[in-house]
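J.:
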Amino acid sequence: MFERLEALPADSLLGLIALFREDSNPQKVDLGVGVYRDEAGHTAIMSAIQKASREHMETEDSKTYIGPVGVVGFVEGIKKLVLGEQSSAIQQGHLAAIQTPGGCGALRVGSELIRRLGDELTVWVSDPTWANHVPLIQSAGLPIQSYPYFDASTGMVNFEAMDEQLAKLGPNDVVLLHGCCHNPTGADLSFEHWQRIAERANKQGFIPYVDIAYQGLGDGLEEDVKGVRYLSENIQEMVIATSCSKNFGLYRERTGALMIQTKSATEAAAIQTQIQDVARANYSMSPAYGGHLVDKVLHNDELRREWQDELNAMATRVKSLRAGLLEEINKRDIAKDFSFITQQKGMFTYLGITPEQVSELRRDYSIYMADSSRINVAGLNTQCLGYVADALKKVCG
Ligand code: PMP
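Mapped onto full-length UniProt numbering, the consecutive letters of the sequence shown carry residue numbers 1 to 397.
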């Protein structure tokens with residue numbers, strides 16, 4: 001029976017990890033997979049998370065099932081982290097929310113909930129978007145289309161083109177937006193863009209579906225969610241998928257949350273049963289461990305301060321790597337204009353070079369990045385900036 005199914009091609013980013021490992025060049029640079037790395041190339045456990053983990057291990061006295069919502073303190077904490085202490089949706093009880101296995105779990109449950117809203121709905125994603133958005137949404141049975149987003153000539157958002165598409169949408173459309181630190185391009189919407197999107201959503205009736213996986217890794221915890229909060233305060237309905245993989249460094253613990261903002265507390269109560277039902281049909285309930293740790297960090301002043309300081313230091317390191325790389329590039333008078341590197345946000349930048357140039361960098365200089373030329377800026381370090389800029393000069397002229 002199983003011969004009916006053929007082996008699928010290997011994931012290209014995971015393939016890149018294997019190639020990098022086998023490369024014996026001591027100067028090799030890994031700019032592929034999107035995880036935060038420190039100056040030594042290590043993805044360390046954050047210190048506040050380590051302390052929370054020790055405390056949790058000492059006090060946890062049962063592994064019995066947790067309720068369908070997940071760790072309640074975690075869910076309450078994440079709602080406030082994303083939407084703010086003063087959020088009207090929180091205060092009025094207009095939010096349904098559950099803990100999920102990572103941001104991916106939130107996107108999958110969110111997409112299945114949207115599928116339950118009817119046969120006619122389409123999800124619109126940015127061109128380009130994070131590659132995994134497509135299978136997560138499509139496997140929930142939803143059709144996908146894309147709206148114009150990235151302007152390769154400026155390295156920034158082409159908002160006019162995006163808005164032109166949004167103006168054609170209606171109540172059967174759902175628009176996936178990256179809350180901050182757009183993956184893969186690093187090109188973010190400005191606050192004015194978020195205001196225009198809120199206006200459009202109200203006028204056209206489409207539902208915003210916000211994926212926020214990098215809060216705190218752009219301009220700061222509050223600054224990064226200004227747009228999402230504006231949207232929440234100014235429209236009635238939206239879906240938010242959030243991840244603690246990057247900003248709490250919990251990748252393998254699969255920790256995230258799904259929030260659905262509805263028009264009333266009665267609707268929120270109904271939707272709460274629906275998202276729990278979707279989760280139940282998929283994996284029953286989320287793993288709890290990561291939720292316990294985030295709950296502890298968010299609700300202990302000392303741990304929270306420590307976590308925020310460490311997260312700020314991570315964001316600052318990424319920003320200074322952006323500035324450092326651009327400085328090295330500018331010293332070499334490269335034909336292509338890379339000034340967008342310091343304007344983009346978060347861990348990713350699209351270098352905007354050709355697939356041939358990407359292979360040349362890999363083959364001749366052991367610099368590894370996705371074929372699209374997306375680089376993980378956190379994969380750089382102060383020692384390799386000159387080397388990477390030299391290689392770019394060689395391949396770009
Ligand atoms: N959305 C985006 C845009 C991402 O980049 C990621 C992580 N790579 C996620 C969601 C979810 O990640 P996870 O499931 O690991 O929390």
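Think of the CB as a built atom: it goes at the ideal place given N, C-alpha and C, for glycine as much as any other residue.
Per DSSP, TRP307 forms a beta bridge with which residues?
T.: None; TRP307 has no bridge partner.
J.: Mind the definition here: the stretch 2 to 16 touches the stretch 367 to 374 only if three or more C-beta pairs lie below 8 Å; say whether that holds.
T.: Cβ pair count under 8 Å is three or more, so yes.
J.: How many angstroms separate the CA atom of GLY32 from the CA atom of ASN183?
T.: One C-alpha to the other measures close to 13 Å.
J.: Over the uninterrupted beta strand (DSSP E) stretch that includes TYR251, give me the two end residues.
T.: Premise fails: TYR251 is in no beta strand (DSSP E) and is neither H nor E.
J.: Taking only the alpha-carbon atoms, compute the straight-line gap between GLU310 and LYS296 and give it to the nearest angstrom.
T.: GLU310 and LYS296: Cα-Cα distance of roughly 16 Å.
J.: Using the C-alpha atoms, what's the distance from THR122 back to ASN282?
T.: Rounded to whole angstroms, ASN282 to THR122 spans 22 Å at the Cα level.
J.: Excluding the 5 residues flanking GLU233 on each side, which residues of the same chain have their C-beta closer than 7 Å to its C-beta?
T.: Hits under 7 Å: SER88.
J.: With respect to the beta strand (DSSP E) encompassing HIS178, which residues constitute its N-terminal and C-terminal limits?
T.: It spans 173 to 178 - the beta strand (DSSP E) in which HIS178 sits, taken as one unbroken run.
J.: For ILE90 and ASP23, I'd like the C-alpha separation in whole angstroms.
T.: When rounded, the distance between both Cα atoms is 51 Å.
J.: To the nearest angstrom, report how far apart SER243 and ALA257 are at their CA atoms.
T.: Cα-Cα distance, rounded: 7 Å.
J.: What three-state label does DSSP hand ARG332 in the structure shown?
T.: Here ARG332 sits in coil by DSSP.
J.: State buried or exposed for GLY141, treating a residue as buried only when at least 16 other CB atoms are found within 10 Å of its CB.
T.: The residue is exposed, with fewer than 16 neighbouring Cβ atoms inside 10 Å.
J.: At the level of alpha carbons, what is the spacing between VAL82 and TYR230?
T.: Approximately 11 Å, taken between the alpha carbons.
J.: For ARG108, tell me which candidate among GLY291, VAL225, PRO135 has the shortest Cα-Cα distance.
T.: Nearest C-alpha to ARG108: PRO135.
J.: Does the ligand PMP have a heavy atom nearer than 6 Å to the CB of ASP390?
T.: No, since every heavy atom of the ligand PMP falls outside the 6 Å radius drawn around the Cβ of ASP390.
J.: So GLY110 and ARG254 are supposed to be a Cβ contact under 8 Å. How far apart are they, rounded?
T.: The Cβ separation is near 16 Å, so there is no contact.
J.: Counting beta carbon pairs with one atom in the stretch 216 to 225 and one in the stretch 168 to 186, are three or more of them shorter than 8 Å?
T.: Contact between the stretch 168 to 186 and the stretch 216 to 225 is present, because at least three Cβ pairs lie under 8 Å.
J.: May I have the straight-line CA-CA distance separating ALA279 from THR100, to the nearest angstrom?
T.: Each residue's alpha carbon lies about 8 Å from the other.
J.: Expressed to the nearest angstrom, what Euclidean distance is found between the alpha-carbon atoms of LYS345 and ARG4?
T.: The straight-line gap from Cα to Cα measures roughly 45 Å.
J.: I need the straight-line Cα distance from ILE271 to PHE2, nearest angstrom please.
T.: Using only the alpha carbons, I get a separation of about 38 Å.
J.: CB-CB under 7 Å to GLY290, same chain, minus the five flanking residues each way: which ones, in chain order?
T.: Same-chain partners within the cutoff: CYS244, LEU250, GLU253, ARG254, THR255.
J.: Do PHE159 and THR185 have their C-beta atoms within less than 7 Å of each other?
T.: For PHE159 and THR185, no; Cβs fall outside 7 Å.
J.: What whole-angstrom Cβ distance do ALA378 and ARG37 have, given they're in contact under 8 Å?
T.: Yes, they are in contact, since the Cβ atoms of ALA378 and ARG37 sit about 5 Å apart, within 8 Å.
J.: With DSSP run on the structure shown, which of helix, strand or coil describes ALA97?
T.: Here ALA97 sits in strand by DSSP.
J.: Using a threshold of 7 Å, state whether the C-beta atoms of VAL294 and PHE248 are closer than that.
T.: A contact, by the Cβ cut-off of 7 Å.
J.: Within the chosen definition, does the stretch 306 to 326 reach the stretch 164 to 171 through at least 3 CB pairs nearer than 8 Å?
T.: Output reads no: the stretch 164 to 171 does not touch the stretch 306 to 326.
J.: Kindly give me the distance between the Cβ atoms of GLN215 and MET238, rounded to whole angstroms, as I take these residues to be in contact under 8 Å.
T.: Their Cβ separation, rounded to whole angstroms, is 16 Å, which puts GLN215 and MET238 out of contact at 8 Å.
J.: Roughly how many angstroms lie between the CA atoms of ALA201 and LEU95, to the nearest whole one?
T.: Going from the Cα of ALA201 to the Cα of LEU95 covers about 18 Å.
J.: Note the first and the last residue of the continuous beta strand (DSSP E) segment covering PRO208.
T.: Start and end: 207 to 212.
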